[in-house]
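894 is the number of the first residue of the sequence shown in our numbering; add one for each residue after it. Each residue gets a CB set at the ideal place from its N, CA and C atoms; glycine is no exception.
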Amino acid sequence: MKPFDLEKALAGEPVKLKNGLKAYVIKKLDSPEIGMHELIGFYETEHKRQRSGSWFYDGTRCDDFAITGMWEVTETKIFCKWD
Numbered sequence: 894m895k896p897f898d899l900e901k902a903l904a905g906e907p908v909k910l911k912n913g914l915k916a917y918v919i920k921k922l923d924s925p926e927i928g929m930h931e932l933i934g935f936y937e938t939e940h941k942r943q944r945s946g947s948w949f950y951d952g953t954r955c956d957d958f959a960i961t962g963m964w965e966v967t968e969t970k971i972f973c974k975w976d
């Protein structure tokens, strides 16, 4: 898995959460309150619903919604044998 890259995430690339869900970082707050999350975004649930989310500058938070790295698309190739 590719490590979390804040610049790429802010440019629109999806990130992967600890629980396996896909998320997007939309904005980095300029001056958040001390102890508050600096990154604002959203994640997609298993049912394709969107929920708001927030993280510390390095993508961490104290639950399964922490950012673990960049989302990677894996290609699945299906080969058909025709007789």
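**Study point:** As assigned by DSSP and simplified to three states, the class of Leu899
**Key:** Helix, per DSSP.
Check your understanding: If you compare alpha carbons, which of Leu914, Ala959, Lys974, Arg954 is closest to Arg940?
Key -> Per the sequence shown, the amino acid found at residue 940 is His instead of Arg. In terms of Cα proximity to His940, the closest of Leu914, Ala959, Lys974, Arg954 is Leu914.
Practice item. May I ask you to report which of helix, strand or coil DSSP gives Val966? Key: Three-state DSSP puts Val966 in coil, outside helix and strand.
Point to revise | Where Phe897 falls, given that 16 or more other Cβ within 10 Å makes a residue buried | key: With 16 or more Cβ atoms within 10 Å of its Cβ, Phe897 is classed as buried.
Review point. Candidates Gly962, Lys901, Lys974, Lys920: which alpha carbon is nearest Ser945's?
Key: Looking at the Cα atoms, Lys920 is the closest of the given residues.
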